[in-house]
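Data block below; observations after.
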């Protein structure tokens with residue numbers, strides 16, 4: 014399908030042409046032209062009248078199937094543009110939703126995309142009804158007033174049904190999450206801008222082969238895998254990628270998926286360190302905005318600088334320092350900045366950062382375990398290795414073990430008839 018792209022930049026709308034072109038490419042469009050303008054938003058057409066005339070000429074000359082704006086259009090602007098150009102008009106978020114629809118595979122992801130699409134349509138349908146009342150007979154997708162009103166009722170009914178289904182999914186996931194915590198798993202969530210390499214990192218951590226392509230929004234379905242870090246059992250979840258200015262209706266629709274970030278013990282915020290600094294900064298701040306919207310900025314976080322294999326050590330150090338400056342300015346709860354290459358399996362800095370971060374979690378503590386019956390020692394050691402980390406062992410008439418273990422797993426140890434004493438903060 015042939016399209017013309019339109020980008021309007023201003024102090025408020027700092028849109029990346031490269032990212033917009035990548036979105037169009039991800040949606041499978043053939044881009045026949047890109048029209049750009051630097052100005053504040055025109056209330057009627059989004060772009061200025063002069064640029065609109067230029068766009069009209071391009072439409073007549075190139076005959077595109079659609080004109081797609083990199084900006085968010087109001088329902089009124091979309092209608093006014095259609096009336097002038099007589100070609101299908103789309104904006105940035107319709108484009109994103111179209112990509113989402115293609116990438117959704119699971120029932121949950123499909124429901125979330127449908128909910129977001131319906132939420133987006135509501136103001137468009139309301140605008141169509143308003144236009145009909147003013148004597149404009151365009152309606153919505155060629156429908157008359159009665160049909161348009163009935164369609165609005167159908168949208169609201171369907172949204173209600175989807176929300177109920179997603180609530181069931183959320184409840185089921187909460188049960189699974191609690192069970193995972195009860196059996197001693199540490200919960201990690203991969204977050205960050207789309208195409209930063211989150212799926213590749215999940216594959217490397219867990220030894221999996223989840224689909225990971227060099228394109229935007231490869232992952233819409235929540236994927237959780239397990240791996241071991243020393244003696245600790247860890248679950249890592251990949252979530253939908255962020256994008257600049259992610260609107261509330263998409264955050265709401267994908268809340269059950271994004272909740273994996275909210276409930277995580279540690280957030281791994283992944284950035285592509287090989288990109289120019291301006292892009293890294295923009296995407297980092299956009300990611301922080303989404304995390305703020307989710308009320309998760311107080312969660313323990315590790316910033317992961319991925320794709321170090323595509324740039325130099327000096328460049329990585331420089332960008333790492335700039336990231337730390339932003340972290341300090343914003344007062345974000347980041348324990349470490351770790352440089353890695355998920356593709357090449359160079360994860361030493363991340364493993365070290367995780368080891369440090371995990372042992373500072375409220376669910377972990379340093380304990381002395383006393384085993385008075387020698388035959389029980391192997392079973393106790395095996396359990397400790399499964400739920401924590403052995404620090405030291407002193408054998409004798411009684412075996413004394415110092416270890417970091419999850420406080421929620423104390424009951425598992427007491428069932429073995431051992432003595433347990435929490436060590437002081439100094440010992441920890």
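In my numbering, the protein residues as written are 14 to 441.
Beta carbons: idealized from backbone N, C-alpha and C, even for Gly.
These figures come from a predicted structure and were not determined experimentally.
Asked: Residue 304, enclosing alpha helix (DSSP H) - first and last residue; Found: 290–306
Asked: Terminal residues of the alpha helix (DSSP H) in which residue 422 lies; Found: No alpha helix (DSSP H) holds residue 422; DSSP gives it neither H nor E.
Asked: Residue 389 in three-state terms, based on DSSP; Found: helix
Asked: Start-end ranges of the alpha helix (DSSP H) lying completely within the region 338–393, minimum 4 residues; Found: 361–371
Asked: Residue interval of the beta strand (DSSP E) (run including residue 43); Found: 43–51
Asked: Cutoff 8 angstroms: residue 165 Cβ touching any chain B Cβ; Found: In the displayed structure, chain B is absent; only one protein chain is listed.
Asked: Beta-bridge pairing of residue 59 - partner residues as DSSP gives them; Found: 55
Asked: DSSP three-state assignment for residue 435, whether helix, strand or coil; Found: strand
Asked: Top-ranked residue by Cα proximity to residue 26, from 315, 264, 265, 60; Found: 60
Asked: Selection from 115, 407, 90 that minimises the alpha carbon distance to residue 104; Found: 90
Asked: Residue burial classification, residue 311 (beta-carbon count within 10 angstroms, cutoff 16); Found: exposed
Asked: For residue 124, three-class secondary structure by DSSP; Found: helix
Asked: Neighbour-count burial assignment, residue 159, 16 or more Cβ in a 10 Å radius; Found: exposed
Asked: Segment contact flag, the region 66–75 with the region 109–123, C-beta cutoff 8 angstroms, min 3 pairs; Found: no
Asked: Secondary structure of residue 204, DSSP reduced to three states; Found: strand
Asked: Residue 284 and residue 316 closer than 8 angstroms at C-beta; Found: yes
Asked: Classification of residue 14 by the beta-carbon crowding that lies within 10 angstroms, buried from 16 upward; Found: exposed
Asked: Separation of residue 435 from residue 403, as counted between CA atoms; Found: 14 angstroms
Asked: Residue 56 versus residue 47 - alpha carbon distance; Found: 21 angstroms
Asked: Beta-ladder partner(s) of residue 22, from DSSP; Found: 51
Asked: Spatial distance of residue 205 from residue 393 (CA atoms); Found: 39 angstroms
Asked: Residue 370 versus residue 214 - alpha carbon distance; Found: 18 angstroms
Asked: Rounded Cβ spacing between residue 360 and residue 314 (contact assumed at less than 8 angstroms); Found: In fact, because the Cβ distance is near 17 angstroms, the residues do not count as touching under 8 angstroms.
Asked: Top-ranked residue by Cα proximity to residue 51, from 83, 286, 143, 384; Found: 83
Asked: Three-way DSSP call (helix, strand, coil) for residue 236 in this model; Found: strand
Asked: Limits of the alpha helix (DSSP H) - the one that residue 218 falls within; Found: 211–219
Asked: Whole-Å CB distance - residue 363 paired with residue 353, under 8 angstroms assumed; Found: 5 angstroms
Asked: Boundaries (first-last residue) of the beta strand (DSSP E) holding residue 245; Found: 245–251
Asked: Residue range of the unbroken alpha helix (DSSP H) whose run includes residue 112; Found: 105–116
Asked: Residue burial classification, residue 184 (beta-carbon count within 10 angstroms, cutoff 16); Found: exposed
Asked: Stretch pair the region 259–270 + the region 121–137: three plus CB contacts closer than 8 angstroms; Found: yes
Asked: Residue 248 to residue 340 span [Cα, whole Å]; Found: 26 angstroms
Asked: Boundaries (first-last residue) of the beta strand (DSSP E) holding residue 80; Found: 79–82
Asked: Exposed unless 16 or more other CB atoms sit within 10 angstroms - verdict on residue 375; Found: exposed
Asked: Spatial neighbours of residue 181 in its chain, beta-carbon cut-off 8 angstroms, leaving aside the 5 residues before and after; Found: none
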